[in-house]
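Below is one structure, written out as structure tokens; comments come after it.
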Ligand SMILES: [Zn+2]
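Residue numbers (UniProt numbering): 1 to 207.
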């Protein structure tokens, strides 16, 4: 399992340099020797292993690994439906900010007329596939959000935090209806539990 994880991440990340993969409790510490590789991994995800999303965060090299937050993914989202007349970087940031903290706007895409943004998506909130966003006192837009490389999205409740496992929301509904039978059918069983928490160390870039 560990060997296949190591070889999988190395091949999917297509690194310029090398990465060391160290198991640390229920997490992994990745040590890169090339700064460009860190940027590539951070901007190219989310990444998956055996249909589970790999949760990543920066690591300063000092904290206990167990306290590093692993409850989000960095993800690219395309925001469809913004009228061309107001398709500007501030608008894209405003709309993206309704989903999660905006990290960057894809400026080349914006010049082509596409609103593509990289942001921090919490795995504990339902994934928002569309939304009504007020962009001025008189304008409310109905938009569609397209997430790139999203894995483990529960089709019943929209959450990311129990991919492959029984959906708590479905259980609630089943309990409400007084019927346990068939409650699993709405859950996408193809996803594995999010059991792999990963971190990597930017400090290692210096070596
Ligand atoms: Zn669910």
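Every residue gets a Cβ at the ideal spot worked out from N, C-alpha and C, and that includes glycine.
Tell me whether residue 146, by its Cβ, gets closer than 7 Å to a heavy atom of ligand 1. no
Where residue 2 and residue 37 are concerned, what is the direct C-alpha to C-alpha distance, given to the nearest angstrom? 21 Å
Does the distance between the C-beta of residue 4 and the nearest non-hydrogen atom of ligand 1 fall short of 7 Å? no
For residue 72, write down the residues that DSSP places opposite it in a beta bridge. Residue 72 pairs with 122.
Excluding five sequence neighbours on each side, which residues of the same chain lie with their C-beta closer than 8 Å to the C-beta of residue 81? 141, 142, 143, 144
To the nearest angstrom, how far is the alpha carbon of residue 86 from that of residue 39? 30 Å
Three-state secondary structure (DSSP) at residue 55? strand
Hey, how far is the Cα of residue 8 from the Cα of residue 47? 10 Å
By DSSP's criteria, residue 136 is part of a beta bridge. Which residues make up the other side? 139
For residue 94, report the span of its alpha helix (DSSP H) as first-last. 89 to 96
Please classify residue 45: is it buried, with 16 or more other beta-carbons within 10 angstroms of its beta-carbon, or exposed? buried
Does ligand 1 have a heavy atom nearer than 7 Å to the CB of residue 22? Residue 22: no, Cβ never under 7 Å from ligand 1.
Residue 103 - containing beta strand (DSSP E), residue span: 101 to 105
How would you call residue 155, buried or exposed, if buried means at least 16 neighbouring beta carbons within 10 angstroms? By the neighbour-count criterion, in which 16 or more other beta carbons inside 10 Å mark a residue as buried, residue 155 falls on the exposed side.
Backbone secondary structure at residue 35 - three-state DSSP: helix
With DSSP run on the structure shown, which of helix, strand or coil describes residue 80? strand
Can you tell me whether residue 113 is buried or exposed, with buried defined as 16 or more other CB within 10 angstroms of its CB? For residue 113, the number of other beta carbons within 10 angstroms of its own is below 16, and it is reported as exposed.
Residue from 121, 139, 130, 57 whose Cα sits closest to the Cα of residue 150: 121
How long is the line joining the alpha carbons of residue 13 and residue 56, rounded to whole angstroms? 13 Å
Indicate whether the contact test is met: 3 or more Cβ pairs, each with one atom in the region 60 to 69 and one in the region 100 to 115, closer than 8 Å. Flag = no, the region 60 to 69 and the region 100 to 115 do not touch.
Separation of residue 152 from residue 162, as counted between CA atoms: One Cα belongs to residue 162, the other to residue 152, and the distance between them is close to 7 Å.
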